[in-house]
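To start, the structure itself, in structure tokens.
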Amino acid sequence: MNCFNHDAIAAVGICKHCNKALCHECLTDTTNGLACTATCVESVNTLNYLIDRSRKTATAQRGNAYLTSILLGLMGLIFLAFGVQGGRNASLPLAMGTGMVGLSIVYAFRMRKWIKSLGHEPDLDT
């Protein structure tokens with residue numbers, strides 16, 4: 015593959031923003047990717063910032079992953095308690111409580127799968 019701007023020179027990398035093949039003369043190294051010297055440096059820096067922010071958000075979210083499941087389960091248990099004590103109008107609270115507890119279990123398993131998919135990435139807060 016040859017450089018986009020110089021047909022006779024072999025490319026050494028690809029711009030992270032526009033995906034053009036680049037030679038040493040045409041590229042700028044932005045630490046986390048290559049960019050076209052004149053046009054794509056700011057776009058690549060913005061893209062790197064967004065990727066970094068997304069990783070930090072995912073890492074922070076990992077600590078709160080089960081909170082929603084726990085709260086949903088507790089609300090379901092409260093509805094179940096009202097349903098058990100409710101007498102003849104107990105069917106709605108029992109159904110809602112059962113549904114909420116079931117959803118909290120499904121949500122907990124999905125969060126567990128999501129956390130495993132993140133893997134063991136380095137801590138980005140440092």
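The numbering used here applies: residue 15 is where the sequence shown begins, and numbers increase by one.
C-beta atoms are modelled at their ideal positions from N, C-alpha and C, and glycine is treated no differently.
The structure displayed is predicted, hence computed values, not measured ones.
Quick check on the burial criterion: 16 or more other C-beta atoms within 10 angstroms. Buried or exposed for residue i?
{"i": "Leu36", "result": "buried"}
{"i": "Phe123", "result": "exposed"}
{"i": "Ser68", "result": "exposed"}
{"i": "Asp137", "result": "Low local confidence applies: a pLDDT of 48 at Asp137 is under 50, so the model's placement there is unreliable, and no value is given."}
{"i": "Asp139", "result": "Residue placement at Asp139 is flagged as unreliable, the pLDDT there being 48, under the threshold of 50; the coordinate-derived value follows with that caveat. So Asp139 counts as exposed."}
{"i": "Thr98", "result": "Thr is not the amino acid found at residue 98; the sequence shown has Val there. Val98 should be labelled exposed."}
Excluding the 5 residues flanking residue i on each side, which residues of the same chain have their C-beta closer than 7 Å to its C-beta?
{"i": "Phe93", "result": "Pro107, Met110, Gly111 and Met114"}
{"i": "Phe96", "result": "Pro107"}
{"i": "Gly27", "result": "Leu36, Leu41 and Leu48"}
{"i": "Cys29", "result": "Leu36, Leu48, Ala49, Cys50 and Cys54"}
{"i": "Thr82", "result": "Tyr121"}
Tell me the DSSP secondary structure of residue i in three-state form.
{"i": "Asn59", "result": "helix"}
{"i": "Asn16", "result": "strand"}
{"i": "Thr82", "result": "helix"}
{"i": "Asp21", "result": "coil"}
{"i": "Thr53", "result": "coil"}
{"i": "Thr45", "result": "coil"}
So, at 6 Å on beta carbons, what are the nonlocal neighbours of residue i in its own chain, with the 5 sequence-adjacent residues on each side left out?
{"i": "Gly87", "result": "Val115 and Ser118"}
{"i": "Arg105", "result": "Residue 105 is actually Ser in this sequence, not Arg. Cβ within range, chain order: n/a, list empty."}
Can you check DSSP and say which residues form a bridge with residue i?
{"i": "Ile28", "result": "Ala35"}
Output needed for residue i: all residues of its chain with C-beta closer than 8 Å, excluding positions within five of it in sequence on either side, in chain order.
{"i": "Thr42", "result": "Leu48, Ala49, Cys50, Thr51 and Val55"}
{"i": "Thr45", "result": "Asn62"}
{"i": "Val120", "result": "none"}
If I'm right that residue i touches residue j with Cβ under 8 Å, what's the distance once you round it to whole angstroms?
{"i": "His38", "j": "Leu61", "result": "In fact, because the Cβ distance is near 22 Å, the residues do not count as touching under 8 Å."}
{"i": "Ala24", "j": "Asn16", "result": "6 Å"}
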